[in-house]
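*Asks:* Take our numbering: the final residue in the sequence shown is number 937, and no numbers are missing along the way.
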Amino acid sequence: YSSCKEACDQLATIKSESRLKHLLQRLPSYCPESMVIHLKGIMNVFSPGVSRKSEGWVGLGCCELAISAECRRKCEQASSKSDITKVCKKVTEKPLYGCITKNEIGSTCCSYAGRHTICREYCQAIFRTDSTLTASQINAVKDYCQSHSSQLLNCVNNFTKSYPIRSPLDSLYCCDRAEQSHCQVACRRILRTMNTEHEIMEGLIEECGSQPLPQDPLWQCFLGSAHPPSPPEEETPHPAKMDQAKLHCCAKANTSLCREMCEEMSTNWGSQTWQDFDQLCEYNPVEAELISCLSDVREPCQLGCKDLGYCTNFNNRPTELFRSCNVQSDQGARNDFKLWSNGTIKMPYMNIPVLDIRKCLPDTWKAVACVLQIKPCHSKSRGSLICKSDCVEILTQCGDRRRFHEGQTPERICELLSPVDDPERCIPLHTYLGESLLNHNSTEVIHPCNPNPCSTNHLCEVNRRGCLDDYNCLPYICVPACKLGEASEFLVQQDALIQVPSRSAPAGCYEVCSCGASGRLENCVEMPCVDTTKACVVGGQRKSHGTSFQIDCHHCSCFSGDTVCSTRECLSEGSSERDRHHFTGLPCSCPDHFIPVCASNGRTYPSACVARCMGFKDHQFVFGQCRQINPCVGKPCFRGQRCVLRFRVCLSDLGDCPQFECVGRPSLCDRSTVEPVCDTEGLVHPSLCHLQQAGKSLAYMGHCQESCRGPQPVCGHNGETYETVCDAFSDRVAVDYPGPCQAVGPLSDSAPDSSCALVQCPPVSTPGCQSVIPPGACCPICASMLQILWNKEHINTFSKVTKPPVTVQEVLRVLRLHVSVPQCDVFGYLSIDHVLVVLIAPVEQQPTPLQVEACSKEAEKIDSLINYSSPTLMSHVPLSAFLSSQLQTSWILSSSGTAGHPLNPGLGVLLGLLLAAAPNLHIL
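Set out below in structure tokens:
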């Protein structure tokens, strides 16, 4: 049984919950019936959402339980228990020492197994720190070890005697899941009269006349979990069993049944609910939005695929999105093809008889197996279904019509399996019937965090800071992180603010928590609940909460019964020629004069007219650009403190938006923190702390650039004049044109020529790029542009909780973490009509078409995550205040005037004229 051995070998290495579930459902097909009892033991031993115990020192798998960050680091570096006693105190680190003690006992007990591998593995399952002890585990040790080592059995018995042995009566609730009444009666009788699991399973097979397959609800219950459902009177499950990332998705369910099961499996991991959910909801087309959200949590779409040995046609695709491009999925596709070669494709809700697929379209069937395992995902639907037309074609040619059920046809089967035929929402098989056209050794686009090089409790980030030591400089950084619940695989960065659904409150109620040094969410604060049942009535039509729509030229979204729209000016179709001539495209039809004022939110507006139109009173703005006003002139800090400039644009309108900070000279800086900064004298420092310790003034973030040493003014898209391009990029603002700001561009395509006619725009550096002009800017730029509508009330609420106020710079910092290709970077600003404008563009001096396309895909990915309210993005504060996004991209035309192959409509690059002056800006 080579296929059974391969499947069991995979169980030992799987970390993904969805991969584990996929394989567990198919194990009975790979393995003989005589192994069913052992499969149940395997199912109980291997648990999703938890990391495997590492080899070596017995305490290593316990380090993530340490409360203190210093203790955790010491534990990970230690080679024995004695190494950590000086740093980790037993009084405060009880979970860590308890785990180590348990592992030490297990190491002693299991050592008696000698060379008997199976005995040792079942023994080790008893002492796993991330699973609950079950009777099947204890029985497995007895069955496999009693003839090998009585010492091992005595040692295990001494440890397990304090644990209650699970009684067969605990599984009585499973009998109600049998479809036939006589089976239900027999099941209850068997559980009351038989003791061993083997006797019970043999009795059920004989009485109920069915084999133990996971598709059967009765066997799902027996094979799925060692624990009965929690009784109603039991308290809310401990957070250790929660997956708050999945809980985000449950509100997207269209049926109450799937919503309740989603909430159950997200808050009480360990029950068999996920198997019921798979049967009733996972493949239900009505629940497409829910399933897509859960897929984002389990396996987020990531750019790039390589190093596959079976699904080789999926390799060398650095600009395509995949959910599960890894060795395990590659092996799973190989196993699926072997299984299908037996003549039947077994699905959770139907079996499809087929001819010998080794002779009938074998390459196409291989592509199907690989698509279902590797899971390419479109940015719009994020689904991984093959297109209906492909499904119909292969079943028409290779379906075994003689074994079809009555009324079964390829068309009807595919209507259930793949109801979509839109190439933007399904996977066309022809894409993967041949190899990629790209060079196998291409390094134009890299993916440092795919596959993930970091440990299970660390998050991988692209290194955009650069390094002080070029010899040890890696393209990624591993940062401490938190799981959103112990049963979750979803990680967030340490110190990040995260919005999670409240455990005991109804849908729409959330808490804002911080990811603490302990590796867990802490300091949670309840937020005001949002009534998601309230709808908006627009033009006589009902729009549900979260729906986006257009009203004239306004982009709008419904939020808890309130219609939130952009504030741009519209020019109606019936406007006169005179109206069109005087239309400026600016708020309140203000003239396009550039007489800038600095408002209290830190944003420069092109005129007092625009500032007033956006709600600012005369006392809330002063004339001049914000960055040309020095807030430290009035000496606002106490004696002994330094006033440090902190220019920022605040999104909340509660309280002040200070443009400075008062800091004391730090006595000690963290040497492990490397985030280079350049001072006004052209010297680089390892971090802001080191710069302040040296008493220097900040010029810009990042390494010092020789070309930015002297003033070379540039105008940013936000209407601010920066001393150098380095200064602008440090503020995450892309450059509109060289020289000081002197004009404001329109916000609408229908506006006539504006004051921008006086601006001499530099040429777009990428030949053939069809560029975009950001709102309020004058010059075209080859970049992808997101225009994001956001909820000010939400931002105000966050600002009350977070303090300091939420800023544009903070939004861009968090978004930047979600761009996985180092050849692309994020820039942005708050437009003068208060839409968040985000640009994603290549940062190389001479980007290749492949890099342009990669940045396009990154932008499409983020746009989709916003519009689908995916927790992958929207669980982060302040991104959870986003309502909807509009995407506009540039693309490259070939010399013939057609879109260049293999590019899709994509991104261009920043101004080559400016980048040429600062060739290393990609490390900023």
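Glycine included, every Cβ here is placed at the ideal spot set by N, Cα and C.
Tell me the DSSP bridge mates of H161?
*Replies:* Taking the first residue of the sequence shown as 1, we reach residue 161 at position 148. DSSP, once it has assigned bridges, lists no residue as partnering H161.
*Asks:* How do the stretch 689-698 and the stretch 582-595 stand: do at least 3 beta-carbon pairs fall below 8 Å, yes or no?
*Replies:* no
*Asks:* Taking just the CA atoms, how far does A624 sit from P604?
*Replies:* Taking the sequence shown and counting its residues from 1, the one referred to as residue 604 is at position 591. Taking the sequence shown and counting its residues from 1, the one referred to as residue 624 is at position 611. In this structure, the alpha-carbon of P604 lies about 12 Å from that of A624.
*Asks:* In the DSSP output, what is Q889 paired with across the bridge?
*Replies:* Here residue 889 is taken as the residue at index 876 of the sequence shown, counted from 1. In the sequence on display, residue 889 carries His and not Gln. Beta-bridge pairing links H889 to I511.
*Asks:* Hey, P649 and Q672: beta-carbon distance below 7 Å or not?
*Replies:* Locating residue 649 in the sequence shown gives position 636, counting from the first residue. Locating residue 672 in the sequence shown gives position 659, counting from the first residue. No, they are not a contact pair.
*Asks:* Tell me the DSSP secondary structure of D762 in three-state form.
*Replies:* Numbered from 1 along the sequence shown, position 749 holds the residue referred to as residue 762. Here D762 sits in coil by DSSP.
*Asks:* Jot down the residue ranges of each uninterrupted beta strand (DSSP E) in the stretch 700-775, minimum 3 residues, whole runs only, in chain order.
*Replies:* 711-714, 727-729, 748-751, all fully within the stretch 700-775.
*Asks:* Check A854 in the structure and name its three-state DSSP category.
*Replies:* Looking up residue 854 in the sequence shown gives position 841. For A854, the three-state secondary structure derived from DSSP is strand.
*Asks:* Leaving out five residues before and five after S872 in sequence, what residues of the same chain have Cβ atoms less than 6 Å from its Cβ?
*Replies:* The residue given as residue 872 occupies position 859 in the sequence shown. It should be noted that the sequence gives Ala, not Ser, for residue 872. Closer than 6 Å at Cβ, skipping near neighbours: S797, I853.
*Asks:* With which residues is K547 paired in a DSSP beta bridge?
*Replies:* Along the sequence shown, one-based indexing puts residue 547 at 534. Paired residues: none, contrary to the question.
*Asks:* If you draw a straight line from the alpha carbon of E117 to that of R533, how long is it in whole angstroms?
*Replies:* As a first step, residue 117 must be located in the sequence shown, where it is residue number 104. As a first step, residue 533 must be located in the sequence shown, where it is residue number 520. Cα-Cα distance, rounded: 25 Å.
*Asks:* Pull up the distance between the alpha-carbon of S588 and that of S761, whole angstroms please.
*Replies:* The residue you call residue 588 lines up with position 575 of the sequence shown. The residue you call residue 761 lines up with position 748 of the sequence shown. Between S588 and S761, the alpha-carbon positions lie close to 15 Å from each other.
*Asks:* If C75 sits next to E89, beta carbons under 8 Å apart, how far is it from one beta carbon to the other, in whole angstroms?
*Replies:* Stepping through the sequence shown from its first residue, residue 75 is reached at position 62. Stepping through the sequence shown from its first residue, residue 89 is reached at position 76. Rounded, the Cβ-Cβ distance is 10 Å, inconsistent with contact.
*Asks:* Which value, in whole angstroms, describes the spacing of the CA atoms of Y750 and C774?
*Replies:* Taking the sequence shown and counting its residues from 1, the one referred to as residue 750 is at position 737. Taking the sequence shown and counting its residues from 1, the one referred to as residue 774 is at position 761. Their Cα atoms are separated by approximately 6 Å.
*Asks:* Are three or more beta carbon pairs between the stretch 318-327 and the stretch 386-405 nearer than 8 Å?
*Replies:* yes
*Asks:* Could you have a look at S144 and say whether DSSP puts it in helix, strand or coil?
*Replies:* Here residue 144 refers to the residue found at position 131 when the sequence shown is read from its first residue. Residue confidence is low: S144 scores 49 on pLDDT, short of 50, so the model does not pin down where it sits. No coordinate-derived value is stated.
*Asks:* Report yes if the C-beta distance between N665 and I808 is below 7 Å; otherwise report no.
*Replies:* By 1-based counting over the sequence shown, the position of residue 665 is 652. By 1-based counting over the sequence shown, the position of residue 808 is 795. Here residue 665 is Ser; the residue named in the question, Asn, does not match the sequence. Taking 7 Å as the Cβ cut-off, S665 and I808 qualify as a contacting pair.
*Asks:* As a quick exercise: from V662, P679, Q633, R640, pick the residue whose alpha carbon is nearest that of Q654.
*Replies:* Counting from 1 along the sequence shown, the entry for residue 654 is found at position 641. Comparing Cα positions, the closest option is P679.
*Asks:* With 16 as the cutoff for other CB atoms within 10 Å, does A266 come out buried or exposed?
*Replies:* Counting from 1 along the sequence shown, the entry for residue 266 is found at position 253. With 16 or more Cβ atoms within 10 Å of its Cβ, A266 is classed as buried.
*Asks:* For D838 and N364, what's the separation of their Cα atoms in angstroms?
*Replies:* As a working mapping, residue 838 is identified with position 825 in the sequence shown. As a working mapping, residue 364 is identified with position 351 in the sequence shown. Roughly 47 Å between the two C-alpha positions.
*Asks:* For R684, which residues in the same chain have their Cβ closer than 8 Å to its Cβ, ignoring the five residues on either side in sequence?
*Replies:* What you label residue 684 is simply residue 671 of the sequence shown in a count that begins at 1. Here the set comprises P699.
*Asks:* On a CA-only basis, which of L510, A867, C578 is nearest A494? Give me that one, please.
*Replies:* Along the sequence shown, read from residue 1 onward, the residue named residue 494 stands at position 481. Checked all of L510, A867, C578; the closest Cα to A494 is L510.
*Asks:* Please classify D291: is it buried, with 16 or more other beta-carbons within 10 angstroms of its beta-carbon, or exposed?
*Replies:* Numbered from 1 along the sequence shown, position 278 holds the residue referred to as residue 291. Its Cβ being crowded by 16 or more others within 10 Å, D291 is buried.
*Asks:* With three or more C-beta pairs closer than 8 Å as the rule, is the stretch 562-575 touching the stretch 118-133?
*Replies:* no
*Asks:* Note down the Cα distance separating S67 from T469, rounded to an integer number of angstroms.
*Replies:* As a working mapping, residue 67 is identified with position 54 in the sequence shown. As a working mapping, residue 469 is identified with position 456 in the sequence shown. The pLDDT assigned to S67 is 35, lower than 50, so where the model puts this residue is not dependable, and the model offers no usable value.
*Asks:* Measure the alpha-carbon distance for L704 versus L711 and round it to whole angstroms.
*Replies:* Within the sequence shown, numbered from 1, the residue matching residue 704 stands at position 691. Within the sequence shown, numbered from 1, the residue matching residue 711 stands at position 698. Roughly 7 Å between the two C-alpha positions.
*Asks:* Judging by CA-CA distance, which residue of Q506, V538, E502, P436 is the nearest neighbour of S515?
*Replies:* On the sequence shown, position 502 is the one that residue 515 refers to. Looking at the Cα atoms, V538 is the closest of the given residues.
*Asks:* Just curious, the alpha helix (DSSP H) that Q800 is in, first and last residue?
*Replies:* As a position in the sequence shown, residue 800 is number 787, starting the count at 1. Annotation for Q800: no alpha helix (DSSP H) segment contains it, though the beta strand (DSSP E) segment containing it runs 797-803.
*Asks:* Can you give the Cα-Cα distance for R616 and E295, rounded to whole angstroms?
*Replies:* To locate residue 616, count along the sequence shown from 1; it is residue 603. To locate residue 295, count along the sequence shown from 1; it is residue 282. One C-alpha to the other measures close to 47 Å.
*Asks:* Assign P915 to buried or exposed, taking buried as 16 or more other Cβ atoms, counted over all protein chains shown, within 10 Å of its Cβ.
*Replies:* Within the sequence shown, numbered from 1, the residue matching residue 915 stands at position 902. Reliability fails at P915, whose pLDDT of 35 lies under 50, so the model's placement of it is uncertain and no value is given.
*Asks:* Suppose the cutoff is 7 Å on Cβ atoms and the five residues either side in sequence are ignored; what does the same chain contact list for F140 look like?
*Replies:* Sequence index remark: in the sequence shown, residue 140 carries index 127 (1-based). K115, N116, I118, G119, listed in sequence order.
*Asks:* So what's E19 in DSSP terms, helix, strand or just coil?
*Replies:* Position 6 of the sequence shown holds residue 19. Judged by DSSP in its simplified three-state form, E19 adopts helix.
*Asks:* Quick check on H443: does DSSP put it in helix, strand or coil?
*Replies:* By 1-based counting over the sequence shown, the position of residue 443 is 430. DSSP places H443 in the helix class (H, G or I) of the three-state scheme.
*Asks:* Give a yes or no on contact between the stretch 418-426 and the stretch 474-485, applying the rule of three or more CB pairs nearer than 8 Å.
*Replies:* Taking 8 Å as the limit for Cβ pairs, the verdict is that the stretch 474-485 does not touch the stretch 418-426.
*Asks:* Report the partner residues of I975 according to the DSSP bridge assignment.
*Replies:* What is shown of the chain runs 14 to 937, which leaves residue 975 out entirely.
*Asks:* Once DSSP output is grouped into helix, strand and coil, what is the label at F811?
*Replies:* Locating residue 811 in the sequence shown gives position 798, counting from the first residue. Here F811 sits in helix by DSSP.
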